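Residue numbers (my numbering): 1 to 428.
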């Protein structure tokens, strides 16, 4: 062990030991830790009582002629603590005189599957699904859509009718770094959350998607700007968004205007997840953060985006991911396996555009064009990874030896922890 930097890294629900020769070790980086707030309900109430850019919910309701209310929530694929967020919000609506029968909880599924009845209590909190009507958005059900025209760049704004025709429209969500939109939350509850598949496919296609990892990038980001423009057409009255740290603890709640309140939350999220990183690193060990972030390769790709911003062209990325669910998407794998090279995947996406799984293949291939990827996984076999232009290593020691052999014995090795949530500052 002499002359080695040693650290344990999350891997599934367990850990792996990473050993790097000290002469090669360039450091370990991770998001800034901001502790969670002890009184979470109190923080949410504070945000509700002191909205940013709008009147309070009580003042908004008092000026409305109708009482038909839609509260939009994320589905379980998002890390939002919806079960903590809803009780204070529902109490506030009740205090406004809105009856339970006038409240609809609308799950912003985007293209994801519907949330099953047995999943609702964990998602929404105890008793919520029994008390209020809950509906899953269906991006294929055009009979339940409203056409609100187009954005300035020609994206059709076709949105959920239940939301658009409500008297009081409230969005909930959480704000985290996002590799396409800069940050999640706010407008993303509507696009992609409540749109038609046609709207989503065009917006998520090659014309508007950033060509490089875009975590933290908002100004000039067409992907973000078009989503905000589409969301404003739906005229939401109020948002309630949470800022959470890498442990998914609540550090801040923001409420009020779609853009102004959300941007306040963005600044708070940036303080946690934006870090100074070196450029042109030879070898990057990018660690998603264990379960559920490394449940499959589809989810694990998010941590590759941070590595892509830091690694040198022609460098090596080591990805330690358990992946008990394997690749995680049949279409993602088929696109990779049917291509002759990563460039073919990029070109196919440019021609055929977005579908669920195809954009992930595009993102994965984009990283491969910059650096080799070596995966350490108990569940992904060498043949499968080889079909995806990726090298397999049985353990971290072997992976590092493979990378050092390619990059040279004096290569610098940087470790990124919780990389799926990281914004490498200044490296876009």
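In this text, a Cβ means the ideal position worked out from N, Cα and C, and glycines have one as well.
In this text the structure is predicted, and so the values were computed from the model without any measurement.
8 Å Cβ cutoff, residue i in contact with chain B
i, result
"residue 21", "Of the protein chains in the structure, only one exists, and it is not chain B."
Through-space distance from residue j to residue i, alpha-carbon basis
i, j, result
"residue 1", "residue 194", "The pLDDT assigned to residue 1 is 49, lower than 50, so where the model puts this residue is not dependable; a value taken from the coordinates is nonetheless given after this. Cα to Cα, residue 1 sits roughly 54 Å from residue 194."
"residue 124", "residue 249", "17 Å"
"residue 106", "residue 372", "42 Å"
"residue 115", "residue 83", "15 Å"
"residue 45", "residue 35", "19 Å"
"residue 425", "residue 113", "35 Å"
"residue 277", "residue 141", "45 Å"
"residue 183", "residue 121", "27 Å"
"residue 144", "residue 11", "42 Å"
"residue 192", "residue 41", "28 Å"
"residue 386", "residue 392", "8 Å"
"residue 414", "residue 94", "52 Å"
"residue 103", "residue 19", "55 Å"
"residue 346", "residue 397", "32 Å"
"residue 164", "residue 233", "9 Å"
"residue 132", "residue 237", "20 Å"
"residue 363", "residue 159", "27 Å"
"residue 206", "residue 353", "6 Å"
"residue 230", "residue 181", "14 Å"
"residue 111", "residue 377", "28 Å"
"residue 55", "residue 135", "28 Å"
"residue 23", "residue 198", "53 Å"
"residue 403", "residue 21", "13 Å"
"residue 374", "residue 360", "18 Å"
"residue 357", "residue 306", "20 Å"
"residue 409", "residue 90", "60 Å"
"residue 147", "residue 68", "20 Å"
Within 8 Å, strictly: CB atoms of residue i and residue j
i, j, result
"residue 8", "residue 16", "yes"
"residue 423", "residue 215", "yes"
"residue 61", "residue 96", "yes"
"residue 13", "residue 291", "yes"
"residue 175", "residue 243", "yes"
"residue 294", "residue 322", "yes"
"residue 157", "residue 108", "no"
"residue 454", "residue 258", "For residue 454 there is no data in the structure shown, the boundaries of the chain being 1 and 428."
"residue 260", "residue 52", "yes"
"residue 240", "residue 81", "no"
"residue 64", "residue 170", "no"
"residue 32", "residue 173", "no"
"residue 298", "residue 349", "no"
"residue 151", "residue 226", "yes"
"residue 389", "residue 342", "yes"
Burial state of residue i (16 or more Cβ within 10 Å)
i, result
"residue 302", "buried"
"residue 314", "exposed"
"residue 339", "buried"
"residue 77", "exposed"
"residue 401", "exposed"
"residue 50", "exposed"
"residue 177", "buried"
"residue 86", "buried"
"residue 351", "exposed"
"residue 382", "exposed"
"residue 126", "exposed"
"residue 317", "buried"
"residue 282", "buried"
"residue 367", "buried"
"residue 66", "exposed"
"residue 280", "exposed"
"residue 162", "buried"
Simplified DSSP state of residue i, which is helix, strand or coil
i, result
"residue 154", "coil"
"residue 282", "strand"
"residue 63", "coil"
"residue 321", "coil"
"residue 48", "helix"
"residue 425", "strand"
"residue 315", "strand"
"residue 297", "helix"
"residue 166", "coil"
"residue 147", "strand"
"residue 1", "Bear in mind that a pLDDT of 49 at residue 1, under 50, signals an unreliable position, so the number given afterwards is only what the model happens to contain. Residue 1 falls in the coil class under three-state DSSP."
"residue 20", "strand"
"residue 122", "helix"
"residue 350", "helix"
"residue 109", "coil"
"residue 364", "helix"
Distance cut-off 7 Å: residue i Cβ against heavy atoms of the ligand MG
i, result
"residue 46", "By its list of ligands, the structure shown contains no ligand whatsoever, and the ligand MG lies outside what it can speak to."
Those residues which DSSP pairs with residue i across a bridge
i, result
"residue 302", "BP columns for residue 302 are empty, so no partner."
"residue 178", "182"
"residue 14", "11"
"residue 238", "170"
"residue 190", "Answer is none; residue 190 lacks a bridge partner."
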